[in-house]
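S.K.: For the record, the sequence lines run as chains A and B. Numbering-wise (my numbering), the first sequence opens with residue 1 and increments by one. Numbering-wise (my numbering), the second sequence opens with residue 1001 and increments by one. Where a beta carbon is used, it is the ideal one built from N, C-alpha and C, also for glycine.
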Amino acid sequence: MIERKKECIAMLLAGGQGSRLYVLTEDTAKPAVPFGGKYRIIDFSLSNCVNSGIDTVGILTQYQPLELNDYIGNGQPWDLNRNFGGAHVLPPYTRAKHSDWYKGTASAIYQNITFVDRYNPKYVVLLSGDHIYKMDYHKMLEFHKEKGSECTIAVIDVSDAEATRMGIMSTDDNMAITDFEEKPKHPKSNHASMGVYVFTWEVLRQYLIADEEDPNSENDFGKNIIPAMLKDGRAMYAYPFQGYWKDVGTLDSLWQGNMDLLDPSDPLNIHDPNWKIYARNYASPSTRIDPAARVSNSLISEGCIIRGKVEHSVIYTGCIVEEGAAVTGAVIMPNTIVRKGADVNYAIIGERCVIEENATVGEKPPAGSDPFAHNGIAVVGHRKTIASGTVVKAKEII
Amino acid sequence: MNMTGIIFSEMYGEDLGVFTHDRNLAAIPFGGRYRLVDFVLSNMVNSGINNVGVLAKQHYHSLMDHLANNQEWDLNRKNGGLLLLPPFASEAVNHNNRGKLDELRNALNYLENASTPYVLLADAYVVYNMDYRPMLQAHIDSGADVTIAATRVEDSPAAAFPSVLQAGRSGRVTSYALNCTARSGDFAGMGCLIISRQLLTSAIREYTARGIYHLERDFIQHQFNRGQLSLNLYEFKGVCLRIRNVDEYFNSSLAIINEEVGGPLFRGDRPIYTRVTDEVPTYYGPECSVAACVIADGCSIEGEADNCVFSRGVRICKGAKVKNCVIMEGSVVGENVELENVIVDKWANITAGAELKGLPTNPVIIRKGATV
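Below is the structure:
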């Protein structure tokens, strides 16, 4: 009997805490953090998979998985409710002989070898659910096949300063990887790893097993698997990516990533109807803008009621901005209420918060300057209430 | 739930001909992101009804397209779910809307196989947010043959309704008139009634066999007048918008901008479901001016909008001024265009500099896909 199989499946690492997002990831995993008005960070990687023709995605969860499990559900919003394949949430589980948490990224995939083998794929795309970008993984897979590669790593060119904080690939003229350094002090190249890999499964499988047997290994792709393959002289190539790619793993970069959506040149090309970003939908009505409202240079999602002033801001699904409230340069996550007379400037407000009457969050920048210049972002975590008259200063995290 | 839902997707479409050229009434866009059918259908789902048949006779491609993914309404069920019921090809398809009994005859098999004792019949032209469970309880408690949902008519001397009722305090109907003017204190039917499945199926068989097809006139009114059918009235006190002609469509569309109308219609505890299209959030440009508007997702607003309803993906370009307008999905209002009292159907293109003004009582209508 010939069994069904997939040419390529994706494994999406969604177990990270994203500790640099502080209160925003206190009780939810980073990939589940809301982004861009109606999305969550993971929507970008998931939509890229589907738009690239990958219909089987294993989503590895570990840190605070409840919200993510709920959000992914049966995968229907991304068209990943498939009879053979589809979206599968893969948490760590107990076994007959011993049980482990996912010790590292490599161990997470190792523990799910059985899942991957079920689809008997020739290739596996490894992703992290932490970045905002649009990328055709199919083109990368074609590159992988053309080069006869066993491991292809997507790279984006960054500045020297940024390179010191990232995984940097040195390559020859044929894009073959000659060296890999994690956060080098003196980067030899500007090709930074995007955390997007294509592996030939048969090869990766061997390395995962060997890595798990090594007690000294940290079971991490960047620290162990990639260096081991490089040492053995495996066919490894860097796939150059051009376009918008943003790690929204810090409060500042999360704020900036949202503000980038207001750029009229649309660097992310989010409006492209041929590469839609899908998200779970909650049946919110159309947004109502009241007669007294003043709205400019903003992105406002569905189900909102706007009665106050909103400018240079991204307002997520189901928010209410009452009369006399002013919201400037802010990212306001789903179902938050900004009450009468409240003043929100240069801030990220989490989900289901209440900013009570006349409360102040964040600081206005000096008048006349660039609308996006600021003295630091104020952050309010999910489900918090900022009492009437309270002042939350710039850079404060509540 | 011991009730099956049946939705009539046509019947009163004749006066909305300009919108029903290539879609049926139930598929007319409304309220930004919805189509008319979404309201009764969501009411049914929110009331726990999970057997819903949608009767369609003509131009039902838009409706099929809209309802195709019945998952949005949570009606992708193994037992029950949503079923579109077009006529059998062998039936007299050429006859236009002879009556609801004629349409129901197409659903006779569906109704006979349903396992519920009650059937809810609802027209798609009425927009409201209602829990049908108390209505069913009232029907059972009353012991009447048919329970009709209706709103009380207040100081509206001239308004005519498809059905006008008078009832005693207990809800027992004392007068049932069709297509007439209601006086203050009368009740206007909402195109929504509950009847036992047994009574309905036997009426369908009996009447259609004799070539009689009008449900309200030939069956309900006729039997009621002869004292052989008892009617119970269930008063609905919420917001109810009837959309039978262009005027009502235009006024009702703009009415939802007001909190008093839009608020009760779109309640958090009983959401109105619709097809999901994964548009991006709406972008409001640096120079836009937006006041008193209801706006769906995927729009881009760079001009001025006052008292308007925009469906998904509408573009209002720089310098455009749009007032008292209903603009449907994907239409583009070009630079420096001025629109007042205009309804723009889907995918139309109003080119730069155009100026169109209708009257509040007689809006200008731009057809689907037209370029002006």
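1) Which residue from B:Lys1321, B:Asn1050, B:Cys1180 puts its Cα closest to that of Ala1354 of chain B?
2) Got a sec: is the Cβ-Cβ distance from Pro34 of chain A to anything in chain B below 8 Å?
3) Can you tell me which of A:Ser149, A:Asn120, A:Pro240, A:Ser253 puts its alpha carbon nearest to the alpha carbon of Ile2 of chain A?
4) I'd like to know whether the C-beta atoms of Ile386 of chain A and Trp255 of chain A end up nearer to each other than 8 Å.
5) Buried or exposed, going by whether 16 or more other CB atoms sit within 10 Å of the CB of Phe1046 of chain B?
6) Comparing C-alpha positions only, which one of A:Gly362, A:Val361, A:Gly350 sits nearest to Val23 of chain A?
7) Keeping to the same chain, check which residues put their C-beta closer than 7 Å to that of Glu363 of chain A; ignore five residues upstream and five downstream.
8) For Glu213 of chain A, which residues of its own chain have a beta-carbon under 7 Å away from its beta-carbon, when the five flanking residues on both sides are left out?
9) Any chance you could list the beta strand (DSSP E) runs of at least 3 consecutive residues sitting entirely within the segment 337-379 of chain A, in chain order?
10) Can you grab the Cα-Cα spacing for the pair Val1040 of chain B / Ile397 of chain A, in whole Å?
11) Does Ala1177 of chain B come out as helix, strand or coil in the three-state DSSP assignment?
12) Taking its Cβ as the centre, do 16 or more other Cβ atoms sit within 10 Å of Trp101 of chain A, making it buried, or is it exposed?
13) Indicate the three-state DSSP secondary structure (helix, strand or coil) for Gly1262 of chain B in the structure shown.
14) Taking just the CA atoms, how far does Leu1178 of chain B sit from Met1044 of chain B?
15) List in chain order: all unbroken alpha helix (DSSP H) runs of 4+ residues lying wholly within the segment 1231-1310 of chain B.
16) So, are the CB atoms of Thr200 of chain A and Ser189 of chain A less than 8 Å apart?
17) For Asn281 of chain A, return the contacting residues in chain B, with the cut-off set at a CB-CB distance below 7 Å.
18) If distances are taken between C-alpha atoms only, which option among B:Trp1347, B:Leu1254, B:Cys1192 comes closest to Lys1368 of chain B?
19) Given that Asp220 of chain A touches chain B, what residues does it touch there, using C-beta distances under 7 Å?
20) Residues in its own chain within less than 8 Å of Asp1015 of chain B by CB, not counting five upstream and five downstream?
21) Could you tell me which chain A residues have their CB closer than 7 Å to the CB of Phe1266 of chain B, listed as they occur along the chain?
22) Take Glu1154 of chain B as the anchor and find which of B:Leu1121, B:Ser1142, B:Ala1188, B:Ser1163 has the nearest alpha-carbon.
23) Within the same chain, show all residues whose beta-carbon is closer than 7 Å to that of Thr28 of chain A, passing over the 5 residues directly before and after it, in chain order.
24) Tell me whether Phe1219 of chain B is buried or exposed, calling it buried when 16 or more other Cβ atoms sit within 10 Å of its Cβ.
25) What does Tyr278 of chain A reach in chain B if we use C-beta pairs closer than 7 Å?
26) For Ile1365 of chain B, which three-state DSSP category applies?
27) Would you say Arg1270 of chain B and Asp1131 of chain B are within 8 Å of each other, going by their C-beta atoms?
28) Where do the ends of the beta strand (DSSP E) carrying Asn1051 of chain B lie?
29) What does Pro1360 of chain B reach in chain A if we use C-beta pairs closer than 9 Å?
30) Could you run through the segment 311-341 of chain A and flag, in chain order, every residue whose CB is less than 7 Å away from some CB of chain B?
31) Only counting runs of 3 or more residues, tell me where the beta strand (DSSP E) segments fall wholly within the segment 157-234 of chain A, in order along the chain.
32) Between the C-alpha atoms of Leu60 of chain A and Met135 of chain A, what's the straight-line distance to the nearest angstrom?
33) Report the rounded CA-to-CA distance for Leu1084 of chain B versus Gly1053 of chain B, giving the unit in angstroms.
34) Is Arg1105 of chain B helix, strand or coil when you go by DSSP?
35) Distance check for Cys353 of chain A and Gly381 of chain A, CA to CA, integer angstroms please.
36) Tell me whether Gly1032 of chain B is buried or exposed, calling it buried when 16 or more other Cβ atoms sit within 10 Å of its Cβ.
M.R.: Taking the coordinates as given:
1) When each option's Cα is compared against that of Ala1354 of chain B, the closest is B:Lys1321.
2) no
3) The shortest Cα separation from Ile2 of chain A among A:Ser149, A:Asn120, A:Pro240, A:Ser253 belongs to A:Asn120.
4) No.
5) Note that residue 1046 of chain B corresponds to Asn in the displayed sequence, not to Phe. Answer is buried; the Cβ neighbour count reaches 16.
6) A:Gly350
7) Apart from the 5 residues on each side of it in sequence, Glu363 of chain A sits with its Cβ closer than 7 Å to the Cβ of Asn345, Tyr346, Asn375, Lys393, Ala394 in its chain, given in chain order.
8) none
9) 343-349
10) Each residue's Cα considered, the two are about 46 Å apart.
11) DSSP places Ala1177 of chain B in strand when its eight states are reduced to three.
12) exposed
13) Three-state result, Gly1262 of chain B: helix.
14) Their backbone Cα atoms lie some 26 Å apart in a straight line.
15) List check, alpha helix (DSSP H) in window: 1246-1255, 1259-1265.
16) no
17) Val1276
18) Considering only alpha carbons, the answer is B:Trp1347.
19) Result: empty, since nearest Cβ-Cβ is about 35 Å, beyond 7 Å.
20) Arg1244, Asn1245, Val1246
21) The answer, in chain order, is Pro285.
22) Closest in alpha carbon position to Glu1154 of chain B, among B:Leu1121, B:Ser1142, B:Ala1188, B:Ser1163, is B:Ala1188.
23) Same-chain partners within the cutoff: Gln64, Glu67.
24) buried
25) Asp1278
26) strand
27) yes
28) 1051-1055
29) Those within 9 Å of Pro1360 of chain B in chain A number zero; the least Cβ separation is about 17 Å.
30) If the cut-off is 7 Å between Cβ atoms, the segment 311-341 of chain A has nothing near chain B.
31) 167-171, 177-182, 191-200
32) Spanning the two alpha carbons is a distance of roughly 21 Å.
33) 6 Å
34) In the displayed model, Arg1105 of chain B falls within a helix according to three-state DSSP.
35) 8 Å
36) buried
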